[in-house]
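From first to last, the protein sequence lines stand for chains A and B. Just so you know, the first sequence maps onto residues 0 to 297 in numbering that gives the first Met the number 0. Just so you know, the second sequence maps onto residues 0 to 556 in numbering that gives the first Met the number 0. Here a beta-carbon is modelled for each residue, glycine too, at the ideal position from N, C-alpha and C. Just so we're clear, the structure is a prediction, and the values are computed from it rather than from any experiment.
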Amino acid sequence: MKNIITLFSFILIITSCDVVEGPYEIDTGGVIPLDTNTYVKKILIEDFTGHTCQNCPGAARELEAIHDLYGDQIIGMALHVSKAFARPYPSSQAPKYQYDFRTKWGKEWDDLFGISGIGLPGGMVNRIGYPNEHRLGKDEWLARVITELEKEIDFGISITTNMTGTEGVITINTEILNNINGDYNLVVCLSESNIINWQKDGSEDIEDYEHNHALRSLLSDENLSVSSSYSISDNLEKTISVNLSTLEQFNINYSQNTAELGNGNSGGWDALNMSVIAYIYDNTTQEILQVEEAHLNN
Amino acid sequence: MFKKITYTFIVSFLAINSLAQNNSGEIHGDFDLNMQSYQEDEIIGAKAADEIILNNAYLNINYTKGDFAAGLRYESYLNALMDFDENYKGNGIPFRYAAYTIDGLEVTVGNYYEQIGSGLIFRSYENKGLGADNAMDGIRLKYSPIKGVYLKSFIGKSRTYFTYAEGIIRGTDAEVNLNEALNLKSKTRIIIGQGLVSRFQADINPKFKLPQNVAAYSTRLNIINGGWNYSGEYAIKLNDPVGSLTSEGNNYANGNALMSSLTYSKRGFGIVAEMHRVDHMEFRSERAQEKQYIINYIPTLTKQHTYTLLALYPSATQTEGEFGNQIDIFYKIKKGSLLGGKYGTKITFNLSNIKSLEKGVKYNAENNEVGELSGSFKNDYNDFTPEFFSKDGSLYFKDINLEVYKKINKKIRATGVIAKQSYNKDVLEGKTPGTYGIVKSTIAIADISYKIKKGHTVRVELQELLADGGEGSWSMGLAEYTISPHWFFAVQDMYNWGNHDVSKQLHYVNINFGYLKGANRIEIGYGKKRAGIFCVGGVCKEVPSSNGFSLAISSSF
Numbered sequence: 000m001k002n003i004i005t006l007f008s009f010i011l012i013i014t015s016c017d018v019v020e021g022p023y024e025i026d027t028g029g030v031i032p033l034d035t036n037t038y039v040k041k042i043l044i045e046d047f048t049g050h051t052c053q054n055c056p057g058a059a060r061e062l063e064a065i066h067d068l069y070g071d072q073i074i075g076m077a078l079h080v081s082k083a084f085a086r087p088y089p090s091s092q093a094p095k096y097q098y099d100f101r102t103k104w105g106k107e108w109d110d111l112f113g114i115s116g117i118g119l120p121g122g123m124v125n126r127i128g129y130p131n132e133h134r135l136g137k138d139e140w141l142a143r144v145i146t147e148l149e150k151e152i153d154f155g156i157s158i159t160t161n162m163t164g165t166e167g168v169i170t171i172n173t174e175i176l177n178n179i180n181g182d183y184n185l186v187v188c189l190s191e192s193n194i195i196n197w198q199k200d201g202s203e204d205i206e207d208y209e210h211n212h213a214l215r216s217l218l219s220d221e222n223l224s225v226s227s228s229y230s231i232s233d234n235l236e237k238t239i240s241v242n243l244s245t246l247e248q249f250n251i252n253y254s255q256n257t258a259e260l261g262n263g264n265s266g267g268w269d270a271l272n273m274s275v276i277a278y279i280y281d282n283t284t285q286e287i288l289q290v291e292e293a294h295l296n297n
Numbered sequence: 000m001f002k003k004i005t006y007t008f009i010v011s012f013l014a015i016n017s018l019a020q021n022n023s024g025e026i027h028g029d030f031d032l033n034m035q036s037y038q039e040d041e042i043i044g045a046k047a048a049d050e051i052i053l054n055n056a057y058l059n060i061n062y063t064k065g066d067f068a069a070g071l072r073y074e075s076y077l078n079a080l081m082d083f084d085e086n087y088k089g090n091g092i093p094f095r096y097a098a099y100t101i102d103g104l105e106v107t108v109g110n111y112y113e114q115i116g117s118g119l120i121f122r123s124y125e126n127k128g129l130g131a132d133n134a135m136d137g138i139r140l141k142y143s144p145i146k147g148v149y150l151k152s153f154i155g156k157s158r159t160y161f162t163y164a165e166g167i168i169r170g171t172d173a174e175v176n177l178n179e180a181l182n183l184k185s186k187t188r189i190i191i192g193q194g195l196v197s198r199f200q201a202d203i204n205p206k207f208k209l210p211q212n213v214a215a216y217s218t219r220l221n222i223i224n225g226g227w228n229y230s231g232e233y234a235i236k237l238n239d240p241v242g243s244l245t246s247e248g249n250n251y252a253n254g255n256a257l258m259s260s261l262t263y264s265k266r267g268f269g270i271v272a273e274m275h276r277v278d279h280m281e282f283r284s285e286r287a288q289e290k291q292y293i294i295n296y297i298p299t300l301t302k303q304h305t306y307t308l309l310a311l312y313p314s315a316t317q318t319e320g321e322f323g324n325q326i327d328i329f330y331k332i333k334k335g336s337l338l339g340g341k342y343g344t345k346i347t348f349n350l351s352n353i354k355s356l357e358k359g360v361k362y363n364a365e366n367n368e369v370g371e372l373s374g375s376f377k378n379d380y381n382d383f384t385p386e387f388f389s390k391d392g393s394l395y396f397k398d399i400n401l402e403v404y405k406k407i408n409k410k411i412r413a414t415g416v417i418a419k420q421s422y423n424k425d426v427l428e429g430k431t432p433g434t435y436g437i438v439k440s441t442i443a444i445a446d447i448s449y450k451i452k453k454g455h456t457v458r459v460e461l462q463e464l465l466a467d468g469g470e471g472s473w474s475m476g477l478a479e480y481t482i483s484p485h486w487f488f489a490v491q492d493m494y495n496w497g498n499h500d501v502s503k504q505l506h507y508v509n510i511n512f513g514y515l516k517g518a519n520r521i522e523i524g525y526g527k528k529r530a531g532i533f534c535v536g537g538v539c540k541e542v543p544s545s546n547g548f549s550l551a552i553s554s555s556f
């Protein structure tokens, strides 16, 4: 009897609580600049979003906050998906939500990873956890980022671009940092930031919302190498010719002819605000192992 | 690890089973299977399943011998039905337990379901219809040191799909029946209770201070005297920010909830008056997780309708903030009176009204308005607590309904219901404010059953919902023929004749028949289901539209 009371008392004590007093925010001392002479682990956060999704700006702010904390080790990509949250409004409701940010590849990845089917916003951090635990709410991103930052890297990626106007060449160099075997793909995409357009934010319709990291185009998704064996210090180079006008027209056509309730209003790209994102993922697990980003006009 | 534990349990279970054959323990179980085919139907927005047929199945097995019990549940989602979260995938034994009781102490290890009071601070439960199962995995002790004093404590992790959330949940509860404990002879019985729950999760946030141990506690009181019964519970949850990296994402305010209910009943008459106030009171098994991690329960304060059109627009409890009240009156008009007739007449009146708390404004570091607040909110730039009573709370849900049940003669029974409902579609379905507004509807139901001859009964339901907002007006008809004890046949049609979009003025026809024999039940159906909201006790989920065959089998032994 005495023991039982002791046991109950013990459990009562351990059910304790912490009360945190403000100020709640801690001065983190800012971002430590990256040493650009060596490769470091970088992380891709794919933010599945929509311009009429009222909670999605909160996810975009969370992504920016993680970027503010870890600097250029964090690379964001915003994928506007779903008919419910990303379709343009009918012209009768102009000027609100007339733009169509959706892309063919955003739809394909959304279908593959099942993000918007459960609701937006949702995202993935390096696609870790596929197939069952990869879809994360925005408040789960940080914990996954912290875990990912601890990982060692097997690949170093560097991006160089040579653009003249809307045409040019992008070169991706991949350096192998360890002897490894596996089935890997290299993906190269274009994203655009500083796009000023409508966005639902809570109950507000924001006319001049700044959309960042919006996926514009997939340039390549191919095997990193014909071999599955990689040796330390190997260098793999991939060159891609780019014509922004052609890519832009592809998205316009996609919106006009394929996307549900699309209107073809997907143009107006600004090359000065565009970035190249290149990442390597494991074909078996879908995990993104390394990622890099560079301005298109650098 | 999960598999290892499961195998250990299975081996132990089989060992116990073989032992049982020699020592006359008892084994009971039940089995449920729900299978559905999904065809594409563009008109109603139904998607086809790649698998063509989806399947959910469960088998519970429980062994008892004296004061010992053990059991497990096998679950199979190959793949899960479309109205289930696709994270339910594959087969497994996610529920297994062993328990014994000796000298008043009950020990349970493994999985268990538990609730403290009304569930305001903790409720672990499963509801297959909702796709909800947050079973605990850990240790639970229950003990009654003296008559009228009931103690329990538990520790464990809460289930989500086939895994467990990161938080470690600890809880204690003490309930005292004063009359039993003090051996009082009073006609007034008083029961008091106190519960405490705490969740531990490490703080890994580099930018914000987070509480690692988040506590919630509640006090409850129940007084019973003759036909009177008062029940009240007050709960507080201490600071529980989600762990965001943005200041506006972290809410350090305490939450609270109050429930109060007064009942009076005597033969042929009953009245229940209830209120509740909820302010920032959602408690989850993990910081920064979504609603499948919820481990507490705020009971809804609206009538749980069973007729389809009455439940078309159901109320879901808004745990961030709501104030509700409800009154239920039951009266049976005596047999032999003018209105009572030969068998008497039962009348039920219900009125519920759910409103928001006082709204607030959220500011950022630059003192700019960045959003609206529905409940308490506290961070470095805000400290908002809504007034207890809000004069200008916006309407979430209102329902006034009257139900009359009458047995007319030995062959005919009839139920009639008339109701008026107001449903804030934007808030209750999480839509952007101003998108749909409030859907006001008037609903009438007639339910008549006629006993043709012994064992043969036909039942007809006619339902009508008139509304301008939402999907507009609906009609529904149902005819059901039962040949007891083995067969039933049913056909129903829901017709959305009042939809403002003419292309959506559709019929949703369903045909079902079933066979029952002993402990086995088989039901086969075919038809279209509309997309909508399905709720149980204020917990709701969105259900997609579907078109296809269904098979349901249940069995027990």
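**Report entry** Alpha-carbon to alpha-carbon, B:Tyr142 and B:Leu150
**Finding:** 5 Å
Query raised in the report: How about A:Ser202: is its C-beta nearer than 7 Å to some C-beta of chain B?
Result: yes
Query - Cα-Cα separation between A:Leu271 and B:Ser284, rounded to whole angstroms - result: 45 Å
**Report entry** Min CB distance B:Asn212 to chain A below 7 Å
**Finding:** yes
Query raised in the report: Which value, in whole angstroms, describes the spacing of the CA atoms of B:Arg412 and B:Ile120?
Result: 43 Å
Report task. Determine which residues of the segment 28-50 of chain B have a Cβ less than 8 Å from any Cβ of chain A, and write them out in chain order. Result -> none
Query raised in the report: Do you know offhand how far A:Thr146's Cα is from A:Asn125's?
Result: 11 Å
Requested in this report: Below 9 Å between beta carbons is the criterion; list the residues of the segment 494-519 of chain B that meet it against any residue of chain A, in chain order.
Outcome: none
Report task. Work out the CA separation of B:Gly335 and B:Ser185 for me, nearest whole Å. Result -> 38 Å
Query raised in the report: If you run the structure through DSSP and keep just helix, strand and coil, what is B:Ile145?
Result: coil
Query - Cβ of B:Gly370 within 7 Å of any chain A Cβ - result: yes
Query raised in the report: Does the distance from the CB of B:Asn498 to the CB of B:Glu470 come in under 7 Å?
Result: yes
Requested in this report: Compute the distance between the beta-carbons of B:Ala214 and A:Cys16, then report whether it is under 7 Å.
Outcome: yes
Report task. Starting from the beta carbon of B:Pro205, find every residue of chain A whose beta carbon is closer than 7 Å, and list them in chain order. Result -> Thr27, Leu68
Query raised in the report: Since B:Asn255 sits in a beta bridge, which residues does DSSP pair it with?
Result: B:Ile235, B:Asp278
Query raised in the report: Opposite A:Cys55 in the DSSP bridges: which residues?
Result: Looking at the DSSP assignment, A:Cys55 forms no beta bridge with any residue, so it has no partner.
Query raised in the report: Around the Cβ of A:Glu221, are there at least 16 other Cβ atoms within 10 angstroms (buried) or fewer (exposed)?
Result: exposed
Query raised in the report: Should the segment 204-222 of chain B be regarded as contacting the segment 261-270 of chain B, the criterion being three or more beta carbon pairs within less than 8 Å?
Result: no
Requested in this report: Indicate the three-state DSSP secondary structure (helix, strand or coil) for A:Thr245 in the structure shown.
Outcome: helix
Query raised in the report: Can you tell which of A:Leu78, A:Asp99, A:Tyr229 has its C-alpha closest to the C-alpha of A:Gln248?
Result: A:Asp99
Query raised in the report: Would the C-beta of A:Gln97 count as close to the ligand GDP, meaning under 6 Å from any of its heavy atoms?
Result: The model on display carries no ligand, and the ligand GDP is accordingly not part of it.
Requested in this report: Could you work out which residues of chain A lie near B:Asp379, taking near to mean beta carbons separated by less than 8 Å?
Outcome: Gly21, Pro22, Tyr23, Glu24
Query raised in the report: How is A:Asn256 classed by DSSP in three states: helix, strand or coil?
Result: helix
Query raised in the report: What residue from A:Glu24, A:Trp104, A:Asp138, A:Phe47 has the CA that sits closest to A:Gly121's CA?
Result: A:Phe47
Requested in this report: May I ask you to report which of helix, strand or coil DSSP gives B:Ile4?
Outcome: Summary for B:Ile4: the model assigns pLDDT 49, below 50, so the residue's position carries little reliability, and this model does not support an answer.
Query raised in the report: Which ranges would you report for the beta strand (DSSP E) in the segment 424-482 of chain B if only whole runs of at least 3 residues count?
Result: 437-452, 455-466, 473-482
Query raised in the report: Can you find at least 3 beta carbon pairs, one from the segment 53-67 of chain B and one from the segment 21-38 of chain B, that sit closer than 8 Å?
Result: yes
Query raised in the report: Under a CB-based cut-off of 7 Å, is A:Cys16 close to chain B?
Result: yes
Query raised in the report: Hey, is B:Leu237's beta-carbon within less than 7 Å of any beta-carbon in chain A?
Result: yes
Query raised in the report: Going by the beta-carbon positions, is the gap between B:Tyr96 and B:Phe67 smaller than 7 Å?
Result: no
**Report entry** Within 7 Å, strictly: CB atoms of B:Tyr395 and B:Val360
**Finding:** no
Query raised in the report: Would you say B:Glu289 reaches chain A, if we count a Cβ-Cβ gap shorter than 7 Å as a contact?
Result: yes
Requested in this report: Give the straight-line distance between the Cα atoms of B:Ala19 and A:Asp281, rounded to the nearest whole angstrom.
Outcome: Residue confidence is low: B:Ala19 scores 49 on pLDDT, short of 50, so the model does not pin down where it sits. Its coordinate-derived value is still stated next. So the alpha carbons of these two residues sit roughly 51 Å apart.
Report task. Measure how close the beta-carbons of B:Ile189 and B:Asn182 come, nearest whole angstrom, since I'm counting them as under 8 Å. Result -> Between B:Asn182 and B:Ile189 the Cβ distance is about 13 Å, and since that is not below 8 Å, they are no contact.
Query raised in the report: Just to confirm, are A:Gln53 and A:Asn264 a CB contact at a threshold of 7 Å?
Result: no
Query - Length-filtered (3 minimum) beta strand (DSSP E) runs lying within the segment 67-151 of chain A - result: 73-79, 121-124
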